[in-house]
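Just below is one structure, and these are the notes that go with it.
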Amino acid sequence: MPTAKGFAAPAPNIALEPFTFSRREPGANEVLIDIKFCGVCHSDIHQVRDEWGKGTYPMVPGHEIVGEIIKVGSEVTNFKVGDLAGVGCFVDSCRKCPSCQKGLEQYCEVGMVGTYNSKDKQGNPTYGGYSNLITVDEKYTLKVSPKLDLAGVAPLLCAGITTWSPLREWKVSKGHKLAVVGLGGLGHMAVKLAVSLGAEVTVLSTSPSKEADAKALGAHHFALTKNEEHFKALKNSFDFIIDTVSAQHDIASYLNLLRVDGTMILLGIPPEASLIHNSPLVMKRRRLAGSLIGGIKETQEMLDYCAEHGIVSDIELIPISYINEAYERVLKSDVRYRFVIDMAL
Ligand code: NAP
Ligand code: ZN
Ligand code: ZN
Numbered sequence: 002m003p004t005a006k007g008f009a010a011p012a013p014n015i016a017l018e019p020f021t022f023s024r025r026e027p028g029a030n031e032v033l034i035d036i037k038f039c040g041v042c043h044s045d046i047h048q049v050r051d052e053w054g055k056g057t058y059p060m061v062p063g064h065e066i067v068g069e070i071i072k073v074g075s076e077v078t079n080f081k082v083g084d085l086a087g088v089g090c091f092v093d094s095c096r097k098c099p100s101c102q103k104g105l106e107q108y109c110e111v112g113m114v115g116t117y118n119s120k121d122k123q124g125n126p127t128y129g130g131y132s133n134l135i136t137v138d139e140k141y142t143l144k145v146s147p148k149l150d151l152a153g154v155a156p157l158l159c160a161g162i163t164t165w166s167p168l169r170e171w172k173v174s175k176g177h178k179l180a181v182v183g184l185g186g187l188g189h190m191a192v193k194l195a196v197s198l199g200a201e202v203t204v205l206s207t208s209p210s211k212e213a214d215a216k217a218l219g220a221h222h223f224a225l226t227k228n229e230e231h232f233k234a235l236k237n238s239f240d241f242i243i244d245t246v247s248a249q250h251d252i253a254s255y256l257n258l259l260r261v262d263g264t265m266i267l268l269g270i271p272p273e274a275s276l277i278h279n280s281p282l283v284m285k286r287r288r289l290a291g292s293l294i295g296g297i298k299e300t301q302e303m304l305d306y307c308a309e310h311g312i313v314s315d316i317e318l319i320p321i322s323y324i325n326e327a328y329e330r331v332l333k334s335d336v337r338y339r340f341v342i343d344m345a346l
């Protein structure tokens with residue numbers, strides 16, 4: 002069995018530390034990937050700190066994985082040794098339920114098998130991409146174009162697909178005014194993708210220092226949410242709001258920025274529940290929705306779209322030994338705009 006080296010959280014609220022473990026030999030339909038890069042998602046922090054409950058330890062986080070295939074099982078047809086490949090937030094699902102049948106594996110009714118902090122069908126814990134090797138079924142493995150910077154592709158496997166999926170579901174395009182709340186890993190991908198699809202994009206941020214970046218990412222407007230004047234001036238103006246905030250905040254005040262029939266899509270999963278007054282929804286027939294990552298087919302479509310349009314994440318490359326400092330900086334909204342672990346450093 003291949004021996005993998007990575008970093009794991011031994012328990013909630015304890016710093017991540019080096020961890021050595023075994024990966025299974027690839028089965029007939031599986032590939033073994035030499036992980037080159039792995040993005041650092043805020044969901045990693047929520048789970049490492051057990052903010053969503055049910056964390057299992059030791060936990061090797063990481064679900065924005067890209068690398069090179071180094072071994073294939075006897076029945077693998079879509080990949081060969083030497084191909085680039087990606088793995089996102091899940092590595093299996095029941096494959097039979099209506100959601101799986103529709104290519105919406107993320108909404109599998111039995112429950113998807115998470116890339117980490119989950120159990121595979123044999124009941125073994127899954128370990129993620131803060132490591133140098135992973136064995137995955139080819140059906141849950143994505144093709145990655147050699148045209149793009151590989152490190153910048155890694156965050157597409159979560160931040161990219163999580164923002165792409167609602168943009169496609171709600172058919173966001175030219176003529177739509179869309180706001181992105183929170184300019185972090187998800188937020189900066191939402192800006193790039195929505196701009197590329199033709200929407201007029203406004204960034205709503207708590208960080209004055211991000212204004213120039215927002216414009217450089219392609220956003221047309223920027224508003225500081227702490228500035229009451231700015232905020233009030235935006236009332237009733239957006240067709241869509243994509244909310245990527247990782248901490249508790251006043252969702253109802255943002256709902257008032259939607260025009261009649263406008264839709265707010267929640268992507269962030271703060272640990273605390275939100276209290277929402279009904280009236281901002283009722284008074285203007287507004288809609289409040291949520292969206293979880295995306296299915297395998299849609300993830301491949303997003304990766305292909307990004308390859309065609311030259312879209313990657315803006316990243317800061319780090320060695321895995323920097324992971325605990327990186328978490329602290331993410332928590333201070335001090336990341337521009339995704340940390341990516343370079344396994345070779
Ligand atoms: P991130 O890089 O930390 O970005 C979050 C941004 O939210 C920050 O950069 C900051 O932007 C803003 N923010 C933070 N604290 C805030 C507060 N108290 N009030 C208002 N704004 C605040 O995180 P991420 O990786 O993009 O993930 C964001 C959230 O999405 C997390 O909860 C994560 O678990 C969740 N997530 C969901 C899915 C899904 O499938 N739905 C997938 C991946 C991640 P400004 O500095 O611009 O204000
Ligand atoms: Zn993620
Ligand atoms: Zn299913």
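Going by this note's numbering, the sequence shown opens with residue 2, and the numbers climb by one from there.
Glycine included, each C-beta is placed from N, C-alpha and C at the ideal position.
| query | result |
| --- | --- |
| Residue from Phe239, Ser334 and Ile270 whose Cα sits closest to the Cα of Arg288 | Phe239 |
| DSSP bridge partner residues for Asp240 (one or two, in chain order) | Note: Asp240 sits in no beta bridge, so no partner. |
| Pro147 versus Ile297 - alpha carbon distance | 19 Å |
| CB of Ser314 within 8 Å of CB of Pro156, strictly | yes |
| Residues near Pro209 in its chain [Cβ-Cβ closer than 8 Å; skip 5 each side] | Leu225 |
| Buried versus exposed call for Ile321 [16 or more other C-beta atoms within 10 Å across all chains shown] | buried |
| Beta-carbon proximity list for Asn237, same chain, < 6 Å, skipping 5 on both sides | Arg260 |
| Residue nearest to Lys144 in terms of C-alpha spacing, selected from Gly40, Ala180 and Leu158 | Leu158 |
| Whole-Å CB distance - Leu179 paired with Phe241, under 8 Å assumed | 4 Å |
| Residue range of the beta strand (DSSP E) that includes Cys39 | Glu31 to Gly40 |
| DSSP state of Phe80 mapped onto helix, strand, coil | coil |
| Val77 versus Thr300, Thr142, Lys233 and Cys101, residue with shortest Cα-Cα distance | Thr142 |
| CB of Val88 within 8 Å of CB of Ile135, strictly | yes |
| Cβ distance (whole Å) where Cys90 is taken to contact Val111 below 8 Å | So it is not a contact: roughly 16 Å between Cβ atoms. |
| Near ligand 1: Gly188 beta-carbon under 7 Å from a heavy atom | yes |
| Collapsed DSSP secondary structure at Ile266 in the structure displayed | strand |
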